[in-house]
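Enquirer:
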Amino acid sequence: MSVQPASSSASPSIWGEIYQVPGRISRDILLRARELCLNGDIQQFRDLFDSAQSSSENFHIDDFGLDINEPMCETQPPVLGIAIKNEEMVSWLLDHGAEPNKRTFIDVTPLSWAVERAPISTIRLMLDYCQNIQPGQLLHHAVQRDADTIEVLEMLLQKGAPLNTPVHEDLPTFSVLCFMSLGTPLHRASELGRVDVVRYLLSKGADQDVRDSSGLTAMELAARLNQQAVVEVLQRHESGGSPVYHP
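Per my numbering: the sequence shown = residues 14 to 260.
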């Protein structure tokens, strides 16, 4: 089987020649798809796929030579993670085989980014495609949301997300990242001074005696970072007071 270089319109200084294995998609479409990927134009990339699909009975996504579940790098998830602000694009990618749980080396998944940044409707859509929500340190990411944090945490806990597991604890990356303060979602909420989230996690059974990779409890971490309001909540809970969460 012969493999031919594609058009010289590619940038040799960066990528060299593009080689195309003979397949069912024209070279012009492949080159256009590459250009859109490099420019980050997700919507036009989607439109190109759809136009190729409608114009060819032999269309197949594999002919693009792309693995849509390949992480961008060790710290960034596949393309599904980049599309999380566009629910229509997310739906299209999921229908074409994108995996919400595809991990990077440091256990960041498309769903990790979604629970931190995406609209709730998009998170629900992605969860419908997940059999397992253990990957991705989801609660740790959700704690960092700017809005609707409790609603997303509730959604994840109902699905069985682990509440008291320190980040990276069960992964090879723990030995690489253990110099950082790797703790539970409660540690992260305490670190950020999220009093409402701390109260909520405690009300759901978060264990404040768990220590992070630096040997600190959530209260000790909060005290070190001068998050006094969090310290007071944790002290009351430690003394037997019930955490009162007000939605």
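Beta carbons are placed, not taken as given, at the ideal position from N, Cα and C, and that holds for glycine.
Taking the Cβ atom as the reference point for each residue, do SER134 and LEU151 lie within a distance shorter than 8 Å?
Expert: Mapped onto the sequence shown, residue 134 falls at position 121. Mapped onto the sequence shown, residue 151 falls at position 138. Contact flag unset, no.
Enquirer: Thinking just about the alpha-carbon of each residue, which of LYS115, GLU48, LYS98 is nearest to the one in ILE136?
Expert: Counting from one through the sequence shown, the residue named residue 136 turns up at place 123. Ranking LYS115, GLU48, LYS98 by Cα distance to ILE136 puts LYS98 first.
Enquirer: How is SER125 classed by DSSP in three states: helix, strand or coil?
Expert: Here residue 125 is taken as the residue at index 112 of the sequence shown, counted from 1. Reduced to three states, the DSSP call for SER125 is helix.
Enquirer: Can you say whether PRO35 is buried or exposed, counting buried as having 16 or more other CB atoms within 10 angstroms of its CB?
Expert: In the sequence shown, residue 35 corresponds to position 22, counting from 1. The pLDDT assigned to PRO35 is 44, lower than 50, so where the model puts this residue is not dependable; a value taken from the coordinates is nonetheless given after this. The residue is exposed, with fewer than 16 neighbouring Cβ atoms inside 10 Å.
Enquirer: Distance check for ILE146 and ILE269, CA to CA, integer angstroms please.
Expert: The displayed coordinates of the chain run from 14 to 260. Any statement about residue 269 would go beyond what the structure contains.
Enquirer: Alpha carbon to alpha carbon, how far is LEU199 from ARG45?
Expert: Residue mapping note: residue 199 aligns to position 186 of the sequence shown, counting from 1. Residue mapping note: residue 45 aligns to position 32 of the sequence shown, counting from 1. Whole-angstrom Cα-Cα distance: 46 Å.
Enquirer: Quick check on MET168: does DSSP put it in helix, strand or coil?
Expert: The residue given as residue 168 occupies position 155 in the sequence shown. Reduced to three states, the DSSP call for MET168 is helix.
Enquirer: Which residues in the same chain as ASP222 place their Cβ atom closer than 7 Å to its Cβ, once the five residues preceding and following it in sequence are excluded?
Expert: Locating residue 222 in the sequence shown gives position 209, counting from the first residue. Result list for ASP222: THR230, in chain order.
Enquirer: Let me know if LEU174 comes out buried or exposed under the rule of 16 or more other beta-carbons within 10 Å of its beta-carbon.
Expert: For the purposes of this step, residue 174 is identified with residue 161 of the sequence shown, where counting begins at 1. The question names Leu, yet the displayed sequence has Ala at residue 174. That one is buried.
Enquirer: For ALA236, collect the residues of the same chain with a Cβ closer than 6 Å to its Cβ; drop the 5 residues on either side in sequence, then sort them by chain order.
Expert: The sequence position of residue 236 within the sequence shown is 223, counting from 1. Here the set comprises VAL244.
Enquirer: Closer than 6 Å by C-beta to PRO84: which residues in its own chain qualify, once you throw out the five before and the five after it? Chain order, please.
Expert: One-based indexing of the sequence shown puts residue 84 at position 71. Here the set comprises PRO90, PRO91, THR117.
Enquirer: Does DSSP classify SER216 as helix, strand or coil?
Expert: By 1-based counting over the sequence shown, the position of residue 216 is 203. Reduced to three states, the DSSP call for SER216 is helix.
Enquirer: Can you grab the Cα-Cα spacing for the pair MET139 / PRO113, in whole Å?
Expert: The residue labelled residue 139 in the question sits at position 126 within the sequence shown. The residue labelled residue 113 in the question sits at position 100 within the sequence shown. When rounded, the distance between both Cα atoms is 6 Å.
Enquirer: If I follow the unbroken alpha helix (DSSP H) through ARG158, where does it start and stop?
Expert: In the sequence shown, the residue the question calls residue 158 occupies position 145. Neither: ARG158 is in no alpha helix (DSSP H) and is coded neither H nor E.
Enquirer: How about VAL128 and ARG201: are their beta carbons less than 8 Å apart?
Expert: Looking up residue 128 in the sequence shown gives position 115. Looking up residue 201 in the sequence shown gives position 188. No, the Cβ-Cβ distance between VAL128 and ARG201 is not below 8 Å.
Enquirer: Rounded C-beta distance between VAL165 and VAL211? I'm assuming under 8 Å.
Expert: By 1-based counting over the sequence shown, the position of residue 165 is 152. By 1-based counting over the sequence shown, the position of residue 211 is 198. 16 Å between Cβ atoms; not a contact.
Enquirer: Here's a check: name, in chain order, each residue in its chain whose Cβ is nearer than 7 Å to the Cβ of LYS217, leaving out the five neighbours to either side.
Expert: The residue labelled residue 217 in the question sits at position 204 within the sequence shown. LEU170, LEU176, listed in sequence order.
Enquirer: State buried or exposed for SER203, treating a residue as buried only when at least 16 other CB atoms are found within 10 Å of its CB.
Expert: By 1-based counting over the sequence shown, the position of residue 203 is 190. It is buried - the Cβ of SER203 has at least 16 other Cβ atoms within 10 Å.
Enquirer: Taking the Cβ atom as the reference point for each residue, do ALA242 and GLY206 lie within a distance shorter than 8 Å?
Expert: Here residue 242 refers to the residue found at position 229 when the sequence shown is read from its first residue. Here residue 206 refers to the residue found at position 193 when the sequence shown is read from its first residue. Contact: yes.
Enquirer: By the three-class DSSP mapping on this structure, what secondary structure does HIS250 have?
Expert: Translated into positions along the sequence shown, residue 250 becomes position 237. Helix at HIS250.
Enquirer: Pick helix, strand or coil for ASP41, following the three-state DSSP scheme.
Expert: Position 28 of the sequence shown, counting from 1, holds the residue named residue 41. In the structure shown, ASP41 sits in a helix (DSSP, three-state: H, G or I).
Enquirer: Can you tell which of CYS86, THR162, ARG130 has its C-alpha closest to the C-alpha of ASP209?
Expert: Here residue 209 corresponds to residue number 196 of the sequence shown, with the count starting at 1. When each option's Cα is compared against that of ASP209, the closest is THR162.
Enquirer: Can you give me the Cβ contacts of MET102 inside the same chain, cut-off strictly under 8 Å, excluding the 5 residues immediately before and after it?
Expert: Numbered from 1 along the sequence shown, position 89 holds the residue referred to as residue 102. Excluding positions up to five away in sequence, the list reads ILE55, GLN56, ARG59, ALA96.
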